[in-house]
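Novice: The structure under discussion is supplied below as C-alpha cells; questions concerning it will follow.
Protein chains: 2
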Amino acid sequence: MTTRSRILQTALTLFNEHGMYQTGVRDIARALDISPGNLSYHFARKEDLLIAILDQYKHGNDEIYQEYMHFEPDLERYLQTISRLLKNAFAHRGVFLGLDELRAIFGKEYDYADVERKRRAFIDTILSDLEKSGDLEFSTLDKSFLIDFLAFFQRCWIMEAMISYPHLEEHQIMTRYMRFVVMQFAQVATLKGQGALGRWL
Amino acid sequence: MTTRSRILQTALTLFNEHGMYQTGVRDIARALDISPGNLSYHFARKEDLLIAILDQYKHGNDEIYQEYMHFEPDLERYLQTISRLLKNAFAHRGVFLGLDELRAIFGKEYDYADVERKRRAFIDTILSDLEKSGDLEFSTLDKSFLIDFLAFFQRCWIMEAMISYPHLEEHQIMTRYMRFVVMQFAQVATLKGQGALGRWL
DNA sequence: TATAAATTAGTACAATGTACTAAATTGCAC
DNA sequence: GTGCAATTTAGTACATTGTACTAATTTATA
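In order, the protein sequence lines correspond to chains F and V.
Per the numbering used here, the first sequence starts with residue 951, numbered consecutively.
Per the numbering used here, the second sequence starts with residue 951, numbered consecutively.
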C-alpha cells in the first residue's frame, strides 16, 4: 500500500469521525506516524486531499453504475445499485460536511457539474430501460420528476443523515433511506416490478 | 436598531456571501466599523453568532407556520407558506453551509431535534386538515411518505441549492424548488386541489 | 450627577494552513 | 555495487484565526 493511499484512507477516517475543519494536517500526520513535511510532499494543500477523496468517491460511483449497466435492466438490481451508491457516499461522508470548502473548489478545481450530468444521464437511461422491460410505468408520476427526485435524493441524503442521525450506525441509516427512496418507486412500479420492492420495505 | 441586531444582520450577510469559515470575526467587525472587542462583548464566541442566527431562522419558521394555522386549511395557502419557508431558509443560507459546526452544536447548545419535531408535527396536521377539506386524498401515495418527503425536502434543498446553483438568483432558485415540491403534491391533489398547483408549474 | 452599559484599543496565546530548507533514507535502473 | 531520483524526516517561518483579557473611554439611563 502506497503512502499516498494510506494518507487518503487515514485522512478520510479522521474527516468522517471529527469533521474536516476539526482535523488539521498535523493531526493527519500524527495519526499516520509520518512527518507533516512528508504529508505536504504528497498533498501540498489540504484542499488537494479533499479533491483526491472526491475523485475516489466519483470513481467508486462510476464503477457501481458501470457494473449495473453491464447486465440486463432489472429493478431489483437497480435498487441494490442505489444501495451501493449510498454506501459509497456514506464511506466518504466526511468531505460532504465541508460544504463551504466544497463550494469553493467546485467549478474551479473539481468538476461537480460533470458528476451531476453523469448521474442524471445514468438515471434517465436506467429508468427508460426499466420502462421498456416492464418493471416501471410512468402514468400518474412523471419520469422526469422521478429523475429529479432521485438526483436530488442522492445529492442530499448524506448531509441530512449526518445532521439528523449522527448517532445511528451505517446499517440503520441505510435501511432508513433505502426505505424512503423505494417508497417513491412504489408509485411507478408495475405488478411485475412490485416484487423487487418488498425486501426494502 | 440595536448593535446586536446590526451585528447579526451583517454577519449573516457575510456568511451568505463568503461562507462561515471564510468570514473571520475581525472581518465582521471591520464590515460593521466597530472594534473586535465590541463584537466579542455581544458575542463571546463565533458559535454564539451561529446560534443566534439559527434562533432567528427558527423564529421566522414558527411565525410562518403560525400564520398559516390561523386561517382555514387551504392548499393554495399552504404552497405559499412553503414558499415563504424556503425564502426564510434562503435568507439564512450562510449558516447551513457550516454543516461541520452545526453538527457540533446540535444536541448541545442548540435543540435541532425540536425544530425537526415541530416541522413534522406541523406538516402532519396540515396534511390531515387538507385531506378533510378535500384538497388532498391519499390513495396511491401514502400520507406518511409525503410527510417524510416534505421534511426531507425542507431540510435539504438549501444545501443542494448552494452547491448546485450558486450562481442562480433567489427568484430562479425559488421557482425551481417550488416546482419540484409541487410535482409531488400533484400525486395526491384532488380535482378540487389541482387548481392550487397550476401557478407553480 | 452617578451608576451601569457599551465601546474602543490594544495585547496575548495557541492553533492552523502554507511554504520553505537541508539532510537523511529508500528504491531502483544501470 | 554505484548513482540517481524519489521519498522521508526534522525543523523553521509566517500570516491568519478564534479566543481571552485588560484598561480607559464614551454613552445611556435612572
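Cβ atoms here follow ideal geometry from the backbone N, Cα and C, with glycine treated the same way.
This one's a predicted model, so the numbers in the text were calculated from it and none came from an experiment.
Determine which residues share a DSSP beta bridge with F/Phe1056 and list them.
Specialist: Mapped onto the first sequence, residue 1056 of chain F falls at position 106. F/Phe1056 pairs with F/Tyr1060.
Novice: Given a limit of 8 Å on CB to CB distance, which residues of the segment 1108-1121 of chain F reach chain V?
Specialist: Answer in chain order: Met1109, Glu1110, Met1112, Ile1113, Ser1114, Pro1116.
Novice: Is the beta carbon of F/Ile1014 sitting closer than 8 Å to the one on F/Tyr1060?
Specialist: The residue given as residue 1014 of chain F occupies position 64 in the first sequence. The residue given as residue 1060 of chain F occupies position 110 in the first sequence. Going by C-beta atoms, F/Ile1014 is not nearer than 8 Å to F/Tyr1060.
Novice: Counting only beta-carbon separations shorter than 8 Å, does V/Arg980 have a partner in chain F?
Specialist: Along the second sequence, read from residue 1 onward, the residue named residue 980 of chain V stands at position 30. Not an interface residue.
Novice: Going by C-alpha distance, which of F/Asp1074, F/Tyr1007, F/Ile1073, F/Tyr1028 is nearest F/Tyr1062?
Specialist: The residue labelled residue 1062 of chain F in the question sits at position 112 within the first sequence. Selected option, being the one with the closest Cα: F/Tyr1007.
Novice: Beta-carbon separation of F/Phe1072 and F/Glu1081 under 8 Å?
Specialist: Working through the first sequence from its first residue, we reach residue 1072 of chain F at position 122. Working through the first sequence from its first residue, we reach residue 1081 of chain F at position 131. Against a cut-off of 8 Å, the Cβ pair of F/Glu1081 and F/Phe1072 comes out as no contact.
Novice: So, is F/Arg1067 buried or exposed, given that buried needs 16 or more other C-beta atoms within 10 angstroms?
Specialist: Residue 1067 of chain F sits at position 117 when you count from the first residue of the first sequence. Under this definition F/Arg1067 is an exposed residue.
Novice: Let's see if you can read the secondary structure: which residues bound the alpha helix (DSSP H) around V/Ile1001?
Specialist: Locating residue 1001 of chain V in the second sequence gives position 51, counting from the first residue. 996-1019 is the span of the alpha helix (DSSP H), which, as asked, contains V/Ile1001.
Novice: Assuming the contact rule is C-beta atoms closer than 8 Å, F/Leu1178 and F/Ile1003 should be a hit. Round their C-beta distance to whole Å, please.
Specialist: The structure shown has nothing for residue 1178 of chain F, since chain F only spans 951 to 1151.
Novice: Which same chain residues end up closer than 8 Å to V/Leu1086 when comparing Cβ atoms and leaving out the 5 residues on each side of it in sequence?
Specialist: Locating residue 1086 of chain V in the second sequence gives position 136, counting from the first residue. Correct list, in chain order: Leu1025, Leu1077, Leu1080, Phe1135, Val1138, Ala1139, Thr1140, Gly1143.
Novice: Is DSSP giving V/Leu1147 helix, strand or coil here?
Specialist: For the purposes of this step, residue 1147 of chain V is identified with residue 197 of the second sequence, where counting begins at 1. Reduced to three states, the DSSP call for V/Leu1147 is helix.
Novice: Give me the residue from V/Ser955, V/Glu1120, V/Arg1070, V/Gln1122 with the minimum Cα distance to V/Asp1153.
Specialist: The displayed coordinates of chain V run from 951 to 1151. Any statement about residue 1153 of chain V would go beyond what the structure contains.
Novice: Count the CB pairs spanning the segment 982-995 of chain F and the segment 955-969 of chain F that are closer than 8 Å, and state whether there are at least three.
Specialist: Yes: the two stretches touch, three or more of their Cβ pairs being nearer than 8 Å.
Novice: Should F/Gln972 be flagged as near chain V, meaning a C-beta pair shorter than 8 Å?
Specialist: Position 22 of the first sequence, counted from the first residue, corresponds to residue 972 of chain F. Closer than 8 Å: yes.
Novice: Would you mind working out which of F/Val1131, F/Phe1095, F/Arg1149, F/Ala1146 sits nearest F/Leu1036, comparing C-alpha positions?
Specialist: Here residue 1036 of chain F refers to the residue found at position 86 when the first sequence is read from its first residue. Considering only alpha carbons, the answer is F/Val1131.
Novice: Does the separation of the CB atoms of F/Arg1105 and V/Leu1047 fall below 8 Å?
Specialist: Numbered from 1 along the first sequence, position 155 holds the residue referred to as residue 1105 of chain F. Numbered from 1 along the second sequence, position 97 holds the residue referred to as residue 1047 of chain V. No; because the gap between Cβ atoms is not below 8 Å, this pair is not in contact.
Novice: How would you list, in chain order, the residues of chain F whose beta-carbon sits under 9 Å from the beta-carbon of V/Gly969?
Specialist: Here residue 969 of chain V corresponds to residue number 19 of the second sequence, with the count starting at 1. Residues of chain F passing the Cβ test: Leu1049, Asp1050, Glu1051, Arg1053, Ala1054.
Novice: Skipping 5 residues on each side, what residues in its chain have a beta carbon closer than 6 Å to that of F/Leu1100?
Specialist: The residue you call residue 1100 of chain F lines up with position 150 of the first sequence. Answer for F/Leu1100: Ile1073, listed in chain order.
Novice: In chain V, what lies closer than 7 Å to F/Glu1066 by C-beta?
Specialist: The sequence position of residue 1066 of chain F within the first sequence is 116, counting from 1. Neighbours of F/Glu1066 on chain V, chain order: Ser1114.
Novice: Please report the straight-line C-alpha distance between F/Ala979 and F/Gly987, rounded to a whole angstrom.
Specialist: Position 29 of the first sequence, counted from the first residue, corresponds to residue 979 of chain F. Position 37 of the first sequence, counted from the first residue, corresponds to residue 987 of chain F. For F/Ala979 and F/Gly987, the distance between alpha carbons rounds to 9 Å.
Novice: Tell me, please, whether the CB atom of V/Phe1130 is closer than 8 Å to any CB atom in chain F?
Specialist: Within the second sequence, numbered from 1, the residue matching residue 1130 of chain V stands at position 180. Closer than 8 Å: yes.
Novice: Skipping 5 residues on each side, what residues in its chain have a beta carbon closer than 6 Å to that of F/Asn966?
Specialist: The sequence position of residue 966 of chain F within the first sequence is 16, counting from 1. Taken in chain order, the residues that qualify are Arg1043, Gly1044.
Novice: For F/Leu1025 and chain V, any beta-carbon pair shorter than 8 Å?
Specialist: Numbered from 1 along the first sequence, position 75 holds the residue referred to as residue 1025 of chain F. Answer no: the Cβ-Cβ gap between F/Leu1025 and chain V never drops below 8 Å.
Novice: Is F/Met1019 near the ligand NAP, going by C-beta to nearest heavy atom under 7 Å?
Specialist: Only the bare structure without any ligand can be found here, which leaves the ligand NAP out of the picture.
Novice: Do F/Ile1055 and F/Glu1017 come within 8 Å of each other at the CB atom, strictly closer than that value?
Specialist: Position 67 of the first sequence, counting from 1, holds the residue named residue 1017 of chain F. Position 105 of the first sequence, counting from 1, holds the residue named residue 1055 of chain F. Cβ atoms of F/Glu1017 and F/Ile1055: not closer than 8 Å.
Novice: Would you say F/Leu1100 faces chain V, with C-beta separation under 8 Å as the test?
Specialist: Here the question's residue 1100 of chain F lines up with position 150 in the first sequence. Answer no: the Cβ-Cβ gap between F/Leu1100 and chain V never drops below 8 Å.
Novice: How many Å lie between F/Pro1116 and F/Phe1040 at the Cα?
Specialist: Residue mapping note: residue 1116 of chain F aligns to position 166 of the first sequence, counting from 1. Residue mapping note: residue 1040 of chain F aligns to position 90 of the first sequence, counting from 1. About 12 Å.
Novice: Taking the C-alpha atoms as reference points, what is the distance between F/Met1128 and F/Trp1150?
Specialist: Here residue 1128 of chain F corresponds to residue number 178 of the first sequence, with the count starting at 1. Here residue 1150 of chain F corresponds to residue number 200 of the first sequence, with the count starting at 1. Taking the straight line from one Cα to the other gives about 7 Å.
Novice: Quick one: give me the first and last residue of the alpha helix (DSSP H) that F/Ile1097 is part of.
Specialist: One-based indexing of the first sequence puts residue 1097 of chain F at position 147. Here the alpha helix (DSSP H) through F/Ile1097 covers 1093-1114.
Novice: Have a look at F/Thr1031, F/Arg1034, F/Thr952, F/Gly1145 and flag the residue whose alpha-carbon is nearest the alpha-carbon of F/Gly1084.
Specialist: For this step, residue 1084 of chain F is matched to residue 134 along the first sequence. Residue F/Gly1145 is the option with its Cα nearest to F/Gly1084.
Novice: Less than 8 Å between CB atoms is the rule here; does V/Met1133 satisfy it with respect to chain F?
Specialist: Mapped onto the second sequence, residue 1133 of chain V falls at position 183. Interface residue, yes.
Novice: Confirm, please, whether the CB-CB distance from F/Phe1095 to V/Met1133 is below 8 Å.
Specialist: Counted from its first residue, the second sequence places residue 1133 of chain V at position 183. Counted from its first residue, the first sequence places residue 1095 of chain F at position 145. Yes. Within cutoff.
Novice: Would a check of beta-carbon distances place V/Arg1105 closer than 8 Å to chain F?
Specialist: Here residue 1105 of chain V is taken as the residue at index 155 of the second sequence, counted from 1. Yes, contact with chain F.
Novice: Ignore the nearest five residues each way along the sequence and tell me which others in V/Glu1120's own chain have a CB closer than 8 Å to its CB.
Specialist: For the purposes of this step, residue 1120 of chain V is identified with residue 170 of the second sequence, where counting begins at 1. Lys1037, Phe1040, listed in sequence order.
Novice: Report the residue from F/Val975, F/Thr952, F/Glu1051 whose alpha carbon sits nearest the alpha carbon of V/Gly969.
Specialist: The count along the second sequence starts at 1 and reaches residue 969 of chain V at position 19. It is F/Glu1051.
Novice: Let's test the definition: count the other Cβ atoms within 10 Å of the Cβ of V/Met1019 and tell me whether it reaches 16, buried, or not, exposed.
Specialist: Residue 1019 of chain V sits at position 69 when you count from the first residue of the second sequence. Burial call: exposed.
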